[in-house]
Amino acid sequence: MPQQRKAETYCLHGITIAILAAILIIAKAPIAVANDETWQDIRASLYGSDRVIHDGEGVIKLDAPDRALDAATVPISVTAEMEQTEEHYIRAVTLVIDENPAPVVGTFHLFPGNGIANISTRVRVNAYTNIRAIAETSDGELYMAQKFVKASGGCSAPASKDHDLAMARLGKMRLKQIGAWRKGEPAEGQFMISHPNYSGMQIDQVTQLWIPARYVRSIELTLGDKPILRFEGDISMSENPMVRFFVRPDAEAELHAKVVDSDEKTFEQSWPIELDPAS
Amino acid sequence: MEMREKGRGDLKEAPSFHPIASSPVQIPRRAFLCTAAVFAATAFTKTAGSIAAEAHLPFIEIADGVFVRYGVQEEMSAANCGAIANIGFIVGDESVAVIDTGTTLQQGAALREAVASVTSRPVSHLIATHVHPDHCFGHAAFSDLPVHSIGHRNLPRALAERGPFYLKRLAEISPDFSDTAYVAPEETVSDTMRIDLGNRPLLLKAWPPAHTDNDLTVFDERTGLLWAADLLFAGRLPTLDGSLTGWLAALDVLLSPDVRQVVPGHGQVSDGVETLQEELAYLTRLRDGVRAAIDEGLDMSATLARLEDDNQLDWLLYDTNHGRNVVAAYTELEWE
Ligand SMILES: [Zn+2]
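Chains L and P are the protein sequences, given in the same order.
Each residue of the first sequence is one higher than the one before, starting from 47 at the first, in the working numbering.
Each residue of the second sequence is one higher than the one before, starting from -9 at the first, in the working numbering.
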């Protein structure tokens, strides 16, 4: 049906034009200028003003929804477009949300042995904002991908939906192997910890009562004696911090997680991993 | 969440996350008036002297001594004055219980006027069905009265946590909403509470987490009327802000045999049976779809993509709320 195919093509053209138009509008809007000033400040504090940040094309890609459905839980993922080798690899990915009160979500430190440097997680988004992923490669170069996200949380307040359960479950951890894991091949896993990752909040202007901040400060994952990732973070990570990562298992071993929160409380757990016997 | 006193020193660690509102859609005034015209005859229409015309939607006597102001089935906006939820009051032989007060101080004041136009009996009880601003942010209109202000055990905490965020959102929707404040209940219900308005006992029931973690319903024994508030949505897509599995469990027992009439939080009053079936079907399918996706290892984005247009039927405001429900369901069910 060539006729129909043609219609589809037109349709795609339409979308492309719409996207281009949208980009132009965003580029012209004053908010983009404001964002850039915000970013320049964040950038200077993260990397100093003299380090060059290259366009991320060919190194990393950032995916986030155009519009956040729930501002407290916005899924974002960073895809590495280069292979992790001992000679040249992404050693850190830093996530930044320009307009958040604490713009730096955190840094994921990565290692060459795991094959693929993809990371996905969930973050809080405070406003219409640019989200950025900055990769630092093993040769010390910086590469950035970015995405403009509209938060439209409506009345979804950034608080626990089931408060008693959240507190009762604090510190509980889960590890999930995504798909079959085979010896010597990069495999995807998901780690999560039940934790309010709470920004702290004044709850009464008169009595000055506070719910104190309590958030996950670091996550360290290892497989046997091999490091998988180390995350250092802040309050912009969503409640119940979650990270998807890649690992290349050499043999059956225990995957170990160590999490430290801002109250200096440490949570640790190990799981034996299952390897597909076909490998 | 534990609360303790802290000094100003923590201020920098205490930002609130508040998404900026997308510019509110201006509903054409004419369309709105059409909606309002549907309302029935026993209406106590007030002349509106301000932009808050919609704060003065009619109160309709839907059962003997039970008055409801239907909210419009829209998202909150400046044009509809945030009057989107069903609010009202019940008149006893001696006094009146107000059940929810709407989104703004003006709506609360309009409710107070409506009570006064029906009866000279005083308001003795001010009941909040849950934390959402479209339900209980008109409470301040009753602050000068010696009333029993009642809510769920978890309501004070929820208001403290979310109240400032909601006020910011309201101020963003319209500057006319900025004089609105929230008021925490002085008496709370952990399980059930019986109150009496004079030969008119009401049974208040605090639910385990369902629509929110602070849902309260009111049962009027005289008429067999259940004020279900947002445990039940009629016509408008239910929004999940508590516990999906908890809500499903609540629906199993919501319509006890003595319930003859139900006031949902949004949409038409009815015997509740069909409304409940529709909501049950939506929430069950949401649970099953999200559970299956999690079992298959799909992440949140892939789950959203799969279920984006699922389960739609004829729900109003599906596009604005379904995706958020999927996110809420996902973050709950991934811990099963
Ligand atoms: Zn509600």
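Cβ atoms here follow ideal geometry from the backbone N, Cα and C, with glycine treated the same way.
CA-to-CA distance, residue j to residue i, given in whole angstroms
{"i": "Asp309/P", "j": "Pro228/P", "result": "12 Å"}
{"i": "Pro147/L", "j": "Leu141/L", "result": "14 Å"}
{"i": "Val81/P", "j": "Asn70/P", "result": "27 Å"}
{"i": "Ala4/P", "j": "Asn311/P", "result": "Confidence at Ala4/P is low in this model, with a pLDDT of 29, below 50, so the placement of that residue should be treated as unreliable; the coordinate-derived value is given next. Each residue's Cα considered, the two are about 28 Å apart."}
{"i": "Asp96/L", "j": "Glu177/P", "result": "60 Å"}
{"i": "Thr35/P", "j": "Ser67/P", "result": "Unreliable positioning characterises Thr35/P in this predicted model, as indicated by a pLDDT of 36, which lies under 50. The coordinate reading is nonetheless provided below. Answer to the nearest angstrom: the Cα atoms are 21 Å apart."}
{"i": "Ala191/L", "j": "Phe154/L", "result": "15 Å"}
{"i": "Met213/L", "j": "Glu151/P", "result": "15 Å"}
{"i": "Asp116/L", "j": "Ile177/L", "result": "16 Å"}
{"i": "Met288/L", "j": "Ala100/P", "result": "46 Å"}
{"i": "Arg215/L", "j": "Glu285/L", "result": "12 Å"}
{"i": "Leu95/P", "j": "Asn76/P", "result": "16 Å"}
{"i": "Gln223/L", "j": "Gln236/L", "result": "6 Å"}
{"i": "Ala33/P", "j": "Arg143/P", "result": "At Ala33/P the pLDDT is 36, less than 50, meaning the model places this residue with poor confidence and gives no usable figure here."}
{"i": "Val120/L", "j": "Ala318/P", "result": "11 Å"}
{"i": "Ala90/L", "j": "Asp101/L", "result": "17 Å"}
{"i": "Val139/L", "j": "Ser240/L", "result": "23 Å"}
{"i": "Glu231/L", "j": "Thr167/L", "result": "22 Å"}
{"i": "Pro76/L", "j": "Thr312/L", "result": "Model confidence at Pro76/L stands at a pLDDT of 41, short of 50, so the residue's coordinates are unreliable and nothing is read from them."}
{"i": "Tyr156/P", "j": "Gln86/L", "result": "31 Å"}
{"i": "Glu211/P", "j": "Arg190/P", "result": "7 Å"}
{"i": "Gly246/L", "j": "Asp307/L", "result": "14 Å"}
{"i": "Trp317/L", "j": "Arg220/L", "result": "9 Å"}
Proximity test, residue i beta-carbon vs ligand 1 heavy atom, cut-off 7 Å
{"i": "Asp220/P", "result": "yes"}
{"i": "Gly128/P", "result": "no"}
{"i": "His122/P", "result": "yes"}
{"i": "His142/P", "result": "no"}
{"i": "Gly255/P", "result": "yes"}
{"i": "His100/L", "result": "no"}
{"i": "His201/P", "result": "yes"}
{"i": "His125/P", "result": "yes"}
Proximity winner among the options, relative to residue i (alpha-carbon distances)
{"i": "Val263/P", "options": "His256/P, Gly257/P, Arg250/P and Gly255/P", "result": "Arg250/P"}
{"i": "Val56/P", "options": "Asp134/P, Glu65/P and Asp83/P", "result": "Asp83/P"}
{"i": "Tyr261/L", "options": "Ser166/L, Leu115/L and Val305/L", "result": "Val305/L"}
{"i": "Thr175/L", "options": "Val105/L, Lys196/L, Ile122/L and Ala90/L", "result": "Lys196/L"}
{"i": "Glu51/P", "options": "Met290/P, Leu238/P, Ala196/P and Leu215/P", "result": "Leu215/P"}
{"i": "Tyr244/L", "options": "Ile136/L, His209/L and Ser166/L", "result": "His209/L"}
{"i": "Phe49/P", "options": "Arg102/P, Ser139/P and Pro112/P", "result": "Arg102/P"}
{"i": "Ala205/L", "options": "His122/P, Val243/P, Phe132/P and Ile140/P", "result": "His122/P"}
{"i": "Arg111/P", "options": "Asp304/P, Val86/P and Asp90/P", "result": "Val86/P"}
{"i": "Arg147/P", "options": "Tyr172/P, His138/P, Asp210/P and Asp134/P", "result": "Tyr172/P"}
{"i": "Asp278/P", "options": "Arg314/P, Leu234/P, Leu303/P and Leu192/P", "result": "Leu234/P"}
{"i": "Val293/L", "options": "Pro318/L, Leu269/L, Gly186/L and His134/L", "result": "Leu269/L"}
{"i": "Gly161/L", "options": "Leu92/L, Ile281/L, Pro273/L and Asp109/L", "result": "Pro273/L"}
Residue range of the unbroken alpha helix (DSSP H) whose run includes residue i
{"i": "Thr235/P", "result": "Leu234 to Leu244"}
{"i": "Asp210/L", "result": "His209 to Ala214"}
{"i": "Met283/L", "result": "It is not in any alpha helix (DSSP H) - Met283/L carries neither H nor E in the DSSP assignment."}
{"i": "Gly153/P", "result": "Leu145 to Ile163"}
{"i": "Thr167/L", "result": "Looking at the DSSP string, Thr167/L is not in any alpha helix (DSSP H); the run it does join, the beta strand (DSSP E), is Ile165 to Val169."}
{"i": "Ile342/L", "result": "Past the boundaries of the shown model lies residue 342/L; chain L is included only from 47 to 325, so the question cannot be answered."}
{"i": "Asp278/P", "result": "Val263 to Asp285"}
{"i": "Asp124/P", "result": "Pro123 to Cys126"}
Residue span of the beta strand (DSSP E) that contains residue i, given as start and end
{"i": "Tyr189/L", "result": "Leu188 to Ala197"}
{"i": "Leu206/P", "result": "Leu206 to Asp210"}
{"i": "Gly152/L", "result": "Val150 to Leu156"}
{"i": "Arg137/L", "result": "Ile136 to Ile143"}
{"i": "Asn176/L", "result": "Thr175 to Thr183"}
{"i": "Gln63/P", "result": "Segment: none, Gln63/P is in no beta strand (DSSP E) and carries neither H nor E."}
{"i": "Asp307/L", "result": "Glu300 to Asp307"}
{"i": "Asp186/P", "result": "Thr182 to Asp186"}
task = Please list the residues of the stretch 283 to 302 of chain P that have a C-beta atom closer than 8 Å to any C-beta atom in chain L, keeping them in chain order.
result = Gly287, Asp289, Met290, Ser291 and Leu294
query = Using a beta-carbon distance cut-off of less than 7 Å, what residues from the stretch 201 to 233 of chain P approach chain L?
reply = Asp203, Asp231, Gly232 and Ser233
Cβ-based contacts, 8 Å cut-off: residues of the stretch 82 to 107 of chain L near chain P = none
inquiry  = So if I threshold CB-CB distances at 8 Å, which residues from the stretch 116 to 137 of chain L count as touching chain P?
reply    = Asp116, Ala117, Ala118, Thr119, Pro121 and Ser123
key: Chain-ordered residues of the stretch 275 to 289 of chain L with a beta carbon less than 9 Å from chain P   = Ile281, Ser282, Ser284, Glu285, Asn286 and Met288
ask   = Looking at chain P, which residues of the stretch 218 to 240 of chain L have a Cβ within less than 9 Å of any of its Cβ atoms?
value = Lys218, Arg220, Lys222, Gln223, Ile224, Gly225, Glu234, Gln236, Met238 and Ser240
query = For the stretch 148 to 175 of chain L, which residues have a beta carbon sitting closer than 8 Å to at least one beta carbon of chain P?
reply = Ala148, Ser166, Arg168, Arg170, Val171, Asn172, Ala173 and Tyr174
key: Members of the stretch 285 to 318 of chain L that neighbour chain P once the beta carbon cut-off is set at 9 Å   = Glu285, Asn286, Met288, Arg290 and Ser308
message = If the cut-off is 7 Å on Cβ atoms, which residues from the stretch 178 to 200 of chain P count as contacting chain L, listed in chain order?
response = Pro199
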